[in-house]
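Asker:
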Amino acid sequence: MNDPDWEQDDAEFEKNAAAMREVTIPPAAFAAVRQRVLSEMQAKKRRAAWWTWSAVAAAACVAMVCVAYLAPGPERPRALVARKDPPRIEWTARPVAQRVHHKSSGRLLRGRAPVRKTEPLAVVKMLTDDPNVIIIWLVDQKGDSL
Amino acid sequence: MADFRLKAETAGQSSGLLERAKTGDLEAFDQLMRLHEKQVLGTALRLVGNLEDAQDAAQEAFLRLYKSLNRLPDILEIKPWLYRVTVNVCNDMHRARRRRGWEPLSGPDPVSSQPDPELAWVHQERGRLVEMALKTLPEKERAAVVLRDMQGLSTREVAEILGSSEVTVRSQISVARGKLKKFTDRYLRKRI
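Protein chains in written order, with this note's numbering: chain A, 1 to 146; chain B, 1 to 192.
1. Taking only three categories from DSSP, how would you classify residue 136(A)?
2. Counting only Cβ pairs nearer than 9 angstroms, list the residues of chain B close to residue 70(A).
3. With a cut-off of 8 angstroms, do at least 3 Cβ pairs link the region 26 to 43 of chain A to the region 18 to 29 of chain B?
4. Decide yes or no for the touch test of the region 71 to 87 of chain B against the region 43 to 51 of chain A: beta carbon pairs closer than 8 angstroms, at least 3 of them.
5. What residues from the region 33 to 50 of chain A come within 8 angstroms of chain B, judged by C-beta to C-beta, listed N to C?
6. So, are the CB atoms of residue 166(B) and residue 176(B) less than 7 angstroms apart?
7. Does the region 121 to 128 of chain B touch the region 76 to 95 of chain B, meaning 3 or more C-beta pairs lie closer than 8 angstroms?
8. Which same chain residues end up closer than 6 angstroms to residue 148(B) when comparing Cβ atoms and leaving out the 5 residues on each side of it in sequence?
9. Spatial neighbours of residue 136(A) within its chain, please: C-beta separation below 8 angstroms, excluding the five flanking residues on both sides.
10. What are the partner residues of residue 127(A), as DSSP defines its beta bridges?
11. Cα-Cα, which of 92(B), 83(B) and 49(B) is closest to residue 65(B)?
12. So which residues of chain A does residue 41(B) contact, with C-beta pairs closer than 9 angstroms?
13. Which residues mark the beginning and the end of the alpha helix (DSSP H) in which residue 71(A) is found?
14. Looking at chain A, which residues of the region 72 to 87 of chain B have a Cβ within less than 8 angstroms of any of its Cβ atoms?
15. Between the Cα of residue 189(B) and the Cα atoms of 129(B), 52(B) and 152(B), which residue gives the shortest distance?
16. Short of 7 angstroms Cβ to Cβ, which residues in the region 37 to 70 of chain B face chain A?
17. Which two residues bound the contiguous alpha helix (DSSP H) that contains residue 55(B)?
18. Please classify residue 140(A): is it buried, with 16 or more other beta-carbons within 10 angstroms of its beta-carbon, or exposed?
19. Considering only the beta carbon of each residue, do residue 162(B) and residue 133(B) sit closer than 7 angstroms?
20. Find the residues of chain A that neighbour residue 30(B), judging by a C-beta separation of less than 8 angstroms, and give them in chain order.
21. State the DSSP-derived secondary structure class of residue 184(B), mapped to helix, strand or coil.
22. Any C-beta of chain A within less than 8 angstroms: which residues of the region 146 to 158 of chain B qualify?
23. Compare the beta carbon distance of residue 40(B) and residue 21(B) with 7 angstroms and say whether it is the shorter of the two.
24. Return no unless some Cβ of chain A is closer than 7 angstroms to the Cβ of residue 93(B).
25. Alpha carbon to alpha carbon, what distance is there between residue 125(B) and residue 181(B)?
26. Shorter than 7 angstroms from the beta carbon of residue 59(A) to some beta carbon of chain B?
27. From residue 52(B) to residue 38(B), what does the alpha carbon distance come to, in whole angstroms?
28. Can you give me the C-alpha to C-alpha distance between residue 146(B) and residue 127(B), rounded to a whole angstrom?
29. Taking C-beta pairs closer than 8 angstroms, name the residues in chain B that residue 17(A) reaches, listed in chain order.
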């Protein structure tokens, strides 16, 4: 490496590198960087704290809602339902067949079958809240609806 | 030659700082930054070529340091770690700038420490010329030459920081010096 060209190049490069090394950065530039970093970190801390408190508040709200929903509360007032008297149903009494006994033998004679009246239908009229709607319920004697 | 890792006594003082900084003590972190600001800002300035971008890069490097404090087991690891991060941040900035296709305006010029104004001017011009020449180098060569020749690290240390072998770093530095020489010669010939 005794080539004078190489040595000259090295010396030249060393001068350039030295010039770059000697360049001093103004102290204000360092201070500015530190200031920027610290303020950014403080902002991050504030943001983190805000998010933490928000998360805590949200969790507390959810917990309160859950407790309110799951805990047995005071008995709810029951809805008052207007009680309507059941419609009176009138049944027509069925005539009992008269028993006729034979005079001498005492055998029961079949009498004339009693005339069976048409079974009356009970009409149950139910009023609803809506005056235009009336439920009419037809029921026979057995209780079957028609 | 600058010491790559912290000296023992400095490390002893700094380990307390590191522990305090890990607990979120901003004052301790401020002290840590003061210990490493010359290294970070100086490297960034040589890599990106202007003070404004160098400040941005240094800020990003320190913020990354703060995020990674808990992953750094030892104060001795901070210096090489910061070099690595600074180089990466500057490379990212170069790539982003290339993608956007614009060159930012240069910030205020760093000043020369020479007391003689004429000599200071010569140094400043020379520094500016090297700065321009450095911009023409590829990322890895620029990082190698800045860390080796301007930050004064050894080839082994540069290799460790850049994640390359020593042979690769030597070759990169040699090629980079050749390119710098060619650039400065051409520039000076044009000016003359």
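Don't be surprised by glycine CBs; every beta carbon is placed ideally from N, CA and C.
Answerer: This is what the structure gives:
1. For the purposes of this step, residue 136(A) is taken as residue 136 along the first sequence, with counting starting at 1. Secondary structure of residue 136(A) (DSSP, three-state): strand.
2. The residue you call residue 70(A) lines up with position 70 of the first sequence. Within 9 angstroms Cβ-Cβ: nothing; residue 70(A) doesn't reach chain B, min ~39 angstroms.
3. Short answer: they touch.
4. Flag = no, the region 71 to 87 of chain B and the region 43 to 51 of chain A do not touch.
5. Cβ contacts with chain B come from 33, 34, 36, 37, 38, 40, 41, 42 and 45.
6. Residue numbering aside, residue 166(B) sits at position 166 when the second sequence is read from its first letter. Residue numbering aside, residue 176(B) sits at position 176 when the second sequence is read from its first letter. For residue 166(B) and residue 176(B), no; Cβs fall outside 7 angstroms.
7. Between the region 76 to 95 of chain B and the region 121 to 128 of chain B, the count of C-beta pairs closer than 8 angstroms stays below three; the two stretches do not touch.
8. Here residue 148(B) corresponds to residue number 148 of the second sequence, with the count starting at 1. Its chain contains 158 and 173 as the residues whose beta carbon lies nearer than 6 angstroms to that of residue 148(B), once the 5 sequence neighbours on both sides are disregarded; these appear in chain order.
9. Residue 136(A) sits at position 136 when you count from the first residue of the first sequence. Excluding residues within five positions, the ones whose Cβ falls inside 8 angstroms are 123, 124, 125 and 126.
10. Mapped onto the first sequence, residue 127(A) falls at position 127. 134(A).
11. Sequence index remark: in the second sequence, residue 65(B) carries index 65 (1-based). When only C-alpha atoms are compared, the closest one is 83(B).
12. The count along the second sequence starts at 1 and reaches residue 41(B) at position 41. For residue 41(B), the C-beta contacts it makes with chain A under 9 angstroms involve 25, 29, 30 and 33, in order along the chain.
13. Counting from 1 along the first sequence, the entry for residue 71(A) is found at position 71. Judged by DSSP secondary structure, residue 71(A) falls outside any alpha helix (DSSP H); it is assigned neither H nor E.
14. Taking 8 angstroms as the cut-off between beta carbons, none of the residues of the region 72 to 87 of chain B comes near chain A.
15. Here residue 189(B) refers to the residue found at position 189 when the second sequence is read from its first residue. Nearest of 129(B), 52(B) and 152(B) to residue 189(B), Cα basis: 129(B).
16. Of all residues in the region 37 to 70 of chain B, only 37, 41, 42, 45, 46, 51, 55, 58, 59, 62, 63 and 66 come within less than 7 angstroms of chain A when Cβ atoms are compared, listed by chain position.
17. Against the second sequence, residue 55(B) aligns to sequence position 55. It spans 51 to 68 - the alpha helix (DSSP H) in which residue 55(B) sits, taken as one unbroken run.
18. The residue labelled residue 140(A) in the question sits at position 140 within the first sequence. With fewer than 16 other beta carbons inside 10 angstroms of its own, residue 140(A) counts as exposed.
19. Indexing the second sequence from 1 puts residue 162(B) at position 162. Indexing the second sequence from 1 puts residue 133(B) at position 133. Against a cut-off of 7 angstroms, the Cβ pair of residue 133(B) and residue 162(B) comes out as no contact.
20. For this step, residue 30(B) is matched to residue 30 along the second sequence. For a Cβ distance threshold of 8 angstroms, residue set 34 and 38 of chain A lies close to residue 30(B), ordered along the chain.
21. What you label residue 184(B) is simply residue 184 of the second sequence in a count that begins at 1. DSSP places residue 184(B) in helix when its eight states are reduced to three.
22. Answer set for the region 146 to 158 of chain B: 149, 150 and 152.
23. Taking the first residue of the second sequence as 1, we reach residue 40(B) at position 40. Taking the first residue of the second sequence as 1, we reach residue 21(B) at position 21. At the C-beta level, residue 40(B) and residue 21(B) stay beyond 7 angstroms of one another.
24. In the second sequence, the residue the question calls residue 93(B) occupies position 93. Taking 7 angstroms as the threshold, the shortest C-beta distance from residue 93(B) to chain A does not fall below it.
25. Residue 181(B) sits at position 181 when you count from the first residue of the second sequence. Residue 125(B) sits at position 125 when you count from the first residue of the second sequence. If I take the Cα positions, the gap works out to 15 angstroms.
26. Residue mapping note: residue 59(A) aligns to position 59 of the first sequence, counting from 1. Residue-level contact by beta carbon fails for residue 59(A) and chain B, as no gap is shorter than 7 angstroms.
27. On the second sequence, position 52 is the one that residue 52(B) refers to. On the second sequence, position 38 is the one that residue 38(B) refers to. Roughly 15 angstroms between the two C-alpha positions.
28. Along the second sequence, read from residue 1 onward, the residue named residue 146(B) stands at position 146. Along the second sequence, read from residue 1 onward, the residue named residue 127(B) stands at position 127. Taking the straight line joining both Cα atoms gives about 13 angstroms.
29. Translated into the one-based positions of the first sequence, residue 17(A) becomes position 17. What residue 17(A) touches in chain B, judged by beta-carbon distance under 8 angstroms, is 130, 149 and 150, going in chain order.
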